[in-house]
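Engineer: Chains as they are written, first to last, in full-length UniProt numbering: chain H, 1 to 407; chain L, 1 to 407.
Please see the structure below; I have some questions.
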């Protein structure tokens, strides 16, 4: 009775051990004096205190609205918010919603876009199923895929984002290996990707839809389009999404968030998908939490109907453009003399990707990381985290993930 | 190119089809004039408009606090809130936290207690693994188990909740079938269960801990204790939890929510578990949403530190006691003449369980449900939903779930 029996965890629990994000956050907590260029909190001083306060005032001075915000909502999210999202999407795409083939029923509100990404993974991927990703790509999503026991296959990138010839040849290779039927989706961060700062060029947005359709032989291959940064554009207007090149909406699942463009503390994201996919997401989300925070959805509804939102985004663009320029100037000043060091000029988003000479290790265990954090008091995310390792095996037969060092 | 290929969903997607909660909510939406005794919204008029407004004012008049609330939080939830939860739990149990063996690190904040329940299922249950439940029990959790492909085995109940002799004989039967090693947990709603209104008696709270330990042979068997209604007690003080009878904390995972005792619109719940379990939950939650709504956690922190919480709960107890009494008086007046009709007097919570004669069908397709909703304009939840069907087979080999009609 006094000896403790072992905990027998589920198989999938063993697939989500030791996520690097935990290490990064722990480093942040343990080294509070360090300037973190890692694990993206948003700019603290430009958070929308005043707009939120106004929205709350307008919410709570009308008792009916206040009561609704404090009551349960529905699994799919507030109808008022989703109605506003429909015109928001339409504004961003510069196209009427019906031309985009999107109605209220295609939209589901979630706890950040992270929950939407995770739900899409849950409903589509069995262990061993395949998701294609850019190399490098958003490492937190790699963790989601790993946690589901999915096989991650990387596609090469260049300065215009994911390379379409590499995508085709990867699909061709998977078909010749007899694995095409396991390919469920292609994950793409279209604008100012975390970490590369790069965007998928416009002509590739049409091409990727055509490729997804062409290779949807025995089953549909979805493009999971992550538009977390789309509104943070500093050098021009918002870019049309991949989804806008698929007016049927059959092959693209899109997700966006208000975490970067308004406030991550509200945790409101959303996604747009075909109705069959929405039904599956609703069922899973019904089991997981039967609805994200209703109050947050009501706050955003007020923020958008009281026309506080777009002004805030305009302000943010100026704030972040200045920060980006400052970072690029510093890079120019301190790194341009060093042979083999180069970096990307991102047109939006929060990330600058820097490449060091092959000979310099950058990982958590490297002398560079050690010195950066403990001596120079600056933390960065090692590039190796953004590369998936495809071992071509179901998760049970895989070795512990190997680290690739990105030079 | 123009013909749509089929969507190949994950296997688990097929296990979460057609949840009855969706049907109930749809009925509610389609019949707005109906008085719903189903699908538990909380009492609208007693929602804490004024306390929330005060908490928001104190939050947003201190810019530092306001900014923190609008920034990202952490996966485990706000340290300030979890610190207050530690004394909250201690208050409810009338025992110091260290005597209970609970520290900050044992607590994780979630999107309602529903997310906590779902996460525990995710990290412990593989398809075919067993969860024991009371019959009847909370049907939304049955949906979670079904969605994970778990095998649900029912244990008999009487007026003191789950019967310990039935629990022992069920475990004995599972052992003789060679299935004991698949038993991962026993789900118990200790106080004023949804739907029965019944509570587990105090002596059974000690017994169930002993039974879980005794049968933890090759692996640990957890009691997953759902305390959603514990603070809504109308006839006496808060009851000590099962967890309080397991000071080692090894065999009990506890979850609570502020949805019933404060506001469901904030979607804040939490759970207490051994550290190994917390690590697993954090990893899964990190992939799922990397943290629930930070603003809600900050609001609750203010509500609790500004001493607005317990007053609100005291008010709620009066409001709901009156509603319960009104319901029981109506039952006395209209049903006591009808032979074979009886009902429970719940000492707390939101539910009154009524049993009709065997001959009367009560399901969604029954004439009674039809007449109640469309003629009498009252909606109830059919009792059959609260009974699991154990087909003793892994989910892939099961037939479609059969409906049991509860007389």
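Every residue gets a Cβ at the ideal spot worked out from N, C-alpha and C, and that includes glycine.
CB-CB under 7 Å to residue 144 of chain L, same chain, minus the five flanking residues each way: which ones, in chain order?
Structural biologist: To locate residue 144 of chain L, count along the second chain from 1; it is residue 144. Result list for residue 144 of chain L: 117, 118 and 121, in chain order.
Engineer: Would residue 135 of chain H and residue 170 of chain H qualify as a contact pair, given that the criterion is a beta-carbon distance under 8 Å?
Structural biologist: Start at 1 with the first residue of the first chain, and residue 135 of chain H comes out as number 135. Start at 1 with the first residue of the first chain, and residue 170 of chain H comes out as number 170. Contact flag unset, no.
Engineer: Going along chain L in order, which residues have a C-beta closer than 8 Å to the C-beta of residue 264 of chain H?
Structural biologist: Counted from its first residue, the first chain places residue 264 of chain H at position 264. Residues of chain L passing the Cβ test: 70, 71, 72 and 294.
Engineer: Kindly list the residues whose CB is nearer than 7 Å to the CB of residue 378 of chain L, restricted to its own chain and excluding five residues on each side of it in sequence; keep chain order.
Structural biologist: To locate residue 378 of chain L, count along the second chain from 1; it is residue 378. Excluding positions up to five away in sequence, the list reads 34, 35, 37 and 372.
Engineer: Among the residues of its own chain, which have a CB less than 8 Å from the CB of residue 96 of chain H, if the five just before and after it don't count?
Structural biologist: Position 96 of the first chain, counting from 1, holds the residue named residue 96 of chain H. Once the five neighbours on either side are set aside, the close Cβ partners of residue 96 of chain H are 90.
Engineer: Unbroken alpha helix (DSSP H) runs of length 4 or more, entirely within the segment 340-385 of chain H: which are they?
Structural biologist: Runs found: 367-374.
Engineer: In this structure, what does DSSP give as the bridge partners for residue 132 of chain L?
Structural biologist: In the second chain, residue 132 of chain L corresponds to position 132, counting from 1. DSSP, once it has assigned bridges, lists L:153 and L:186 as partnering residue 132 of chain L.
Engineer: Considering just the uninterrupted stretch of the beta strand (DSSP E) at residue 193 of chain H, what are its terminal residues?
Structural biologist: In the first chain, residue 193 of chain H corresponds to position 193, counting from 1. Taken as a continuous stretch (DSSP letters only), residue 193 of chain H belongs to no beta strand (DSSP E), as it is neither H nor E.
Engineer: Under 8 Å by Cβ, that's how I've got residue 253 of chain L and residue 271 of chain L pegged, so tell me the actual separation to the nearest angstrom.
Structural biologist: Within the second chain, numbered from 1, the residue matching residue 253 of chain L stands at position 253. Within the second chain, numbered from 1, the residue matching residue 271 of chain L stands at position 271. Indeed they touch by this definition, with Cβ atoms about 6 Å apart.
Engineer: Between residue 36 of chain L and chain H, is there a C-beta pair that is closer than 8 Å?
Structural biologist: Within the second chain, residue 36 of chain L is the residue found at index 36, counting from 1. Answer no: the Cβ-Cβ gap between residue 36 of chain L and chain H never drops below 8 Å.
Engineer: What residues from chain H crowd round residue 130 of chain L, counting only those whose CB sits closer than 9 Å?
Structural biologist: Numbered from its first residue, the second chain carries residue 130 of chain L at position 130. Here the premise fails: no neighbours, minimum Cβ distance about 11 Å.
Engineer: Buried or exposed for residue 14 of chain L, going by 16 or more other Cβ atoms inside 10 Å?
Structural biologist: Along the second chain, read from residue 1 onward, the residue named residue 14 of chain L stands at position 14. Under this definition residue 14 of chain L is an exposed residue.
Engineer: Any Cβ of chain L within less than 8 Å of the Cβ of residue 48 of chain H?
Structural biologist: What you label residue 48 of chain H is simply residue 48 of the first chain in a count that begins at 1. Interface residue, yes.
Engineer: Which residue wins for smallest C-alpha separation from residue 414 of chain H, given the options H:30, H:61, H:77 and H:31?
Structural biologist: What is shown of chain H runs 1 to 407, which leaves residue 414 of chain H out entirely.
Engineer: How big is the Cα-Cα spacing for residue 262 of chain H and residue 48 of chain H?
Structural biologist: Reading the first chain from its first residue, position 262 is the one you call residue 262 of chain H. Reading the first chain from its first residue, position 48 is the one you call residue 48 of chain H. So the two alpha carbons sit approximately 7 Å from each other.
Engineer: Suppose you measure from the CA of residue 166 of chain L to the CA of residue 148 of chain L; what does that come to, to the nearest Å?
Structural biologist: Position 166 of the second chain, counted from the first residue, corresponds to residue 166 of chain L. Position 148 of the second chain, counted from the first residue, corresponds to residue 148 of chain L. If I take the Cα positions, the gap works out to 25 Å.
Engineer: Looking at residue 20 of chain L: is its Cβ nearer than 8 Å to the Cβ of residue 141 of chain L?
Structural biologist: By 1-based counting over the second chain, the position of residue 20 of chain L is 20. By 1-based counting over the second chain, the position of residue 141 of chain L is 141. No, the Cβ-Cβ distance between residue 20 of chain L and residue 141 of chain L is not below 8 Å.
Engineer: Relative to the C-alpha of residue 341 of chain L, which candidate in L:354, L:347 and L:350 has its C-alpha closest?
Structural biologist: Counting from 1 along the second chain, the entry for residue 341 of chain L is found at position 341. When only C-alpha atoms are compared, the closest one is L:354.
Engineer: For residue 42 of chain H, does the three-state DSSP call read helix, strand or coil?
Structural biologist: Along the first chain, one-based indexing puts residue 42 of chain H at 42. Of the three classes helix, strand and coil, the one that applies to residue 42 of chain H here is coil, per DSSP.
Engineer: With DSSP as the reference, label residue 332 of chain H as helix, strand or coil.
Structural biologist: Taking the first residue of the first chain as position 1, residue 332 of chain H is located at position 332. Three-state DSSP puts residue 332 of chain H in a helix.
Engineer: Could you check how far apart the C-beta atoms of residue 58 of chain L and residue 123 of chain H are, in whole angstroms? I think they sit under 8 Å.
Structural biologist: For the purposes of this step, residue 58 of chain L is taken as residue 58 along the second chain, with counting starting at 1. For the purposes of this step, residue 123 of chain H is taken as residue 123 along the first chain, with counting starting at 1. Not quite, the Cβ-Cβ distance comes to about 41 Å (not below 8 Å), so this is no contact.
Engineer: Roughly how many angstroms separate the alpha carbons of residue 337 of chain H and residue 356 of chain H, rounded to a whole number?
Structural biologist: Against the first chain, residue 337 of chain H aligns to sequence position 337. Against the first chain, residue 356 of chain H aligns to sequence position 356. Looking at the two C-alpha atoms, the distance is approximately 12 Å.
Engineer: Go ahead and label residue 407 of chain H buried or exposed: buried means 16 or more other beta carbons lie within 10 angstroms of its beta carbon, across all protein chains shown.
Structural biologist: Position 407 of the first chain, counted from the start, is the residue given in the question as residue 407 of chain H. Any answer about residue 407 of chain H is weak, because its pLDDT of 33 lies below 50 and its placement is not dependable; what the coordinates show is given next. Looking at its Cβ environment, which holds fewer than 16 other Cβ atoms inside 10 Å, residue 407 of chain H is exposed.
Engineer: Sorted by chain position, which residues of the same chain lie with C-beta nearer than 6 Å to residue 205 of chain L's C-beta, five sequence neighbours on each side aside?
Structural biologist: Along the second chain, one-based indexing puts residue 205 of chain L at 205. Closer than 6 Å at the Cβ level, and outside the excluded window around residue 205 of chain L, lie 242 and 245.
Engineer: Hey, out of H:56, H:105, H:174 and H:240, whose CA is closest to residue 190 of chain H's CA?
Structural biologist: On the first chain, residue 190 of chain H is found 190 positions in, with the first residue counted as 1. Here the closest residue by C-alpha is H:240.
Engineer: Quick check: the Cα distance between residue 101 of chain H and residue 295 of chain H, rounded to an integer number of angstroms?
Structural biologist: In the first chain, the residue the question calls residue 101 of chain H occupies position 101. In the first chain, the residue the question calls residue 295 of chain H occupies position 295. Whole-angstrom Cα-Cα distance: 29 Å.
Engineer: Which value, in whole angstroms, describes the spacing of the CA atoms of residue 321 of chain L and residue 311 of chain L?
Structural biologist: As a first step, residue 321 of chain L must be located in the second chain, where it is residue number 321. As a first step, residue 311 of chain L must be located in the second chain, where it is residue number 311. Answer to the nearest angstrom: the Cα atoms are 16 Å apart.
Engineer: To be precise: take each residue of the segment 75-100 of chain L, compare its Cβ to all Cβ atoms of chain H, and keep it if any distance is under 7 Å. Which residues remain?
Structural biologist: Listed by position, the residues of the segment 75-100 of chain L near chain H (Cβ gap below 7 Å) amount to none.
Engineer: Mapping DSSP to helix, strand and coil, what is residue 427 of chain L?
Structural biologist: In the structure as shown, chain L starts at 1 and stops at 407, and residue 427 of chain L therefore has no counterpart that could be examined.
Engineer: Under the DSSP definition of a beta bridge, which residues are partnered with residue 270 of chain L?
Structural biologist: Taking the second chain and counting its residues from 1, the one referred to as residue 270 of chain L is at position 270. Paired residues: L:109 and L:256.
Engineer: Three or more C-beta pairs closer than 8 Å, one from the segment 205-224 of chain L and one from the segment 170-187 of chain L: is that the case here?
Structural biologist: Cβ pair count under 8 Å is three or more, so yes.
Engineer: I'd like the list of long-range same chain contacts for residue 309 of chain H, defined as Cβ closer than 6 Å, with 5 residues on each side in sequence excluded.
Structural biologist: Counted from its first residue, the first chain places residue 309 of chain H at position 309. Taken in chain order, the residues that qualify are 303.
Engineer: Taking C-beta pairs closer than 9 Å, name the residues in chain L that residue 63 of chain H reaches, listed in chain order.
Structural biologist: The sequence position of residue 63 of chain H within the first chain is 63, counting from 1. Ordered by position in chain L, the residues that pass the 9 Å Cβ test against residue 63 of chain H are 49.
Engineer: Residues of the segment 111-139 of chain H with a CB closer than 8 Å to any CB of chain L: list them in chain order, please.
Structural biologist: Listed in sequence order: 111, 112, 114, 115, 118, 122, 123, 124, 125, 126 and 129.
Engineer: For residue 284 of chain H versus residue 16 of chain L, is the C-beta distance shorter than 8 Å?
Structural biologist: For the purposes of this step, residue 284 of chain H is identified with residue 284 of the first chain, where counting begins at 1. For the purposes of this step, residue 16 of chain L is identified with residue 16 of the second chain, where counting begins at 1. Cβ distance < 8 Å, so residue 284 of chain H and residue 16 of chain L count as in contact.
Engineer: Is residue 37 of chain L helix, strand or coil when you go by DSSP?
Structural biologist: Indexing the second chain from 1 puts residue 37 of chain L at position 37. Residue state, collapsed to three classes: coil.
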